[in-house]
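The block underneath contains the structure these notes are about, expressed in structure tokens.
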Amino acid sequence: MTRKVLVLGEVRDGSLRNVSFEAIAAAKTTAEGGEVVGVLIGNSVNALSGELIQFGADRVVTIEDEKLKQYTPDGYSQAIMAVIDAEKPEGLIFGHTALGKDLAPKIAAKLNSGLISDVTALEVAGGNLVFTRPIYSGKAFEKKIVTDGLIFATIRPNNISPLEKGESRTGEVSSLSVDIKDLRTIIKEVVRKASEGVDLSEAKVIVAGGRGVKSEEGFSPLQELAKVLNGAVGASRGACDADYCDYSLQIGQTGKVVTPDLYIACGISGAIQHLAGMSNSKVIVAINKDPEANIFKVADYGIVGDLFEVVPMLTEEFRKL
Ligand code: FAD
93 MTRKVLVLGE VRDGSLRNVS FEAIAAAKTT AEGGEVVGVL IGNSVNALSG
143 ELIQFGADRV VTIEDEKLKQ YTPDGYSQAI MAVIDAEKPE GLIFGHTALG
193 KDLAPKIAAK LNSGLISDVT ALEVAGGNLV FTRPIYSGKA FEKKIVTDGL
243 IFATIRPNNI SPLEKGESRT GEVSSLSVDI KDLRTIIKEV VRKASEGVDL
293 SEAKVIVAGG RGVKSEEGFS PLQELAKVLN GAVGASRGAC DADYCDYSLQ
343 IGQTGKVVTP DLYIACGISG AIQHLAGMSN SKVIVAINKD PEANIFKVAD
393 YGIVGDLFEV VPMLTEEFRK L
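Residue numbers (my numbering): 93 to 413.
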């Protein structure tokens, strides 16, 4: 059965986030040969339409308004609902990001629809569209099919491969005018913590530190290694609680869920709440001086040793490559 599927393109600092391209790939599978329509919301997003098309959207609808400059649940849901009204899609795919996690349930409730959140894979099997998502903090996976109504899913970043970019792909871009009104929240100012380098939730390589780093300065060798590998630095809650780093770096059940190609855990014991956020990483390397540490149970490679000796050695070796 072919479907029309809408994909929300997520814009941050004037650029599309990678998860938008992954969502297009998921939408292509969901559409089963039907149409994939990219949706861009903001105050000057038209210029990004081409990129969505190059990654596989058949066409793009943009909604531009000064009131949509920053994300607000009210503003974005009015915009999305207007596109849904105009396009009458059979499927909706958002990223399972902070924005997607906030917006998707609100839209699902407005549409009286179900929502399959945090999808890590989807396929057509036995004539059904099958969505896979982790449960019990990543200890098991469940497979879901939608038997009736709208297919609405959020996809976890870094799990579904985007289509290859096709510079020559073309598609129609249209704009929809929406009267955004009655906003209950207005963003006056965005104050950002200075953060360097790669975005943690989309990083291909993460070097994470735990209580074993022992201090704020203890994170320096990890930052060096992350820099050489073009990766991001993450942390356990143990390290955040001890004030060695900011909570924005926390990975786990109550922090960020990440799925990088390579996760290097340094001085992290491997508590179940931490594993919930990283155990689906493609390759896990653990460095811990306790050979009995739980983290070694999920690690593909384990190094028993002092992180302050091992991490600089790794940095030196990777620098040579
Ligand atoms: P520790 O458990 O203290 O481990 C430190 C490790 O460092 C040890 O294994 C030690 O052997 C090793 N080490 C010490 N020195 C060195 C050295 N020089 N070289 C090498 N290794 C060394 N935790 C999270 O991470 N994320 C979450 O989202 C999260 N959510 C939670 C939610 C709830 C409701 C609860 C109750 C807890 C949550 N926790 C979370 C906390 C979790 O239970 C653990 O307390 C925490 O993960 C421990 O952090 P850690 O591994 O850094 O510290």
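From the three backbone atoms N, C-alpha and C, an ideal C-beta is built for every residue, glycine too. Bear in mind the structure is a predicted one, so any value in this text is a computation, not a measurement.
The ligand FAD heavy atom lying under 8 Å from the CB of residue i
i: A190; result: no
i: S361; result: yes
i: I298; result: no
i: K381; result: yes
i: G347; result: yes
i: F400; result: yes
i: I387; result: yes
i: R248; result: no
i: S328; result: yes
i: A368; result: yes
i: C358; result: yes
i: R261; result: no
i: K96; result: no
i: I199; result: no
i: G183; result: no
i: A331; result: yes
i: P397; result: Note that residue 397 is Gly in the sequence shown here, rather than Pro. Checking the Cβ of G397 against the ligand FAD gives yes.
i: K306; result: yes
Min CB distance residue i to chain C below 9 Å
i: A115; result: Of the protein chains in this structure there is only one, and it is not chain C.
Residues near residue i by beta carbon distance below 8 Å, same chain, minus five either side
i: S266; result: R151, V152, V153 and T154
i: Q146; result: K257, G258, E259 and R261
i: A213; result: F223, T224, N251 and I252
i: L207; result: A196, P197, A200, F244, A245 and T246
i: S307; result: Y336
i: I237; result: N220, L221, V222 and F223
Own chain, CB closer than 7 Å to residue i, minus 5 neighbours either side, in chain order
i: L275; result: K159, T164, D166 and G167
i: G369; result: I343, G344, Q345, G347, K348, V349 and V350
i: I133; result: I155, L160, Y168 and A171
i: N334; result: For the record, residue 334 in the displayed sequence is Ala; it is not Asn. Around A334: R303.
Which of helix, strand or coil DSSP assigns to residue i
i: N138; result: helix
i: R329; result: helix
i: A115; result: helix
i: V99; result: strand
i: V350; result: coil
i: T154; result: strand
i: V175; result: helix
i: Q342; result: strand
i: L314; result: helix
i: I145; result: helix
i: V297; result: strand
i: R411; result: helix
i: G369; result: helix
i: R104; result: strand
i: G192; result: helix
8 Å contact criterion, which residue i and residue j should meet: CB distance rounded
i: L354; j: V297; result: 5 Å
i: K120; j: G148; result: 6 Å
i: A200; j: F244; result: 6 Å
i: L191; j: L140; result: The pair is not a contact, with the Cβ atoms about 15 Å apart (cut-off 8 Å).
i: S381; j: D392; result: According to the sequence displayed, residue 381 carries Lys and not Ser. Between D392 and K381 the Cβ distance is about 19 Å, and since that is not below 8 Å, they are no contact.
i: V283; j: A174; result: Incorrect: roughly 31 Å between the Cβ atoms, too far for contact.
i: V325; j: F311; result: 7 Å
i: C358; j: G394; result: C358 to G394, Cβ: 12 Å. No contact.
i: G187; j: E102; result: 5 Å
i: L255; j: A117; result: 5 Å
Proximal residues to residue i (C-beta, below 6 Å), its chain only, five neighbours per side dropped
i: E264; result: R151
i: I356; result: V299 and V377
i: R248; result: H188, D210 and T212
i: S328; result: G302, I360 and H366
Can you check the segment 198-266 for any beta strand (DSSP E) of at least 3 residues that lies completely inside it and give the ranges in chain order? Here the runs fully enclosed are 208-211, 213-217, 220-227, 232-236 and 243-247.
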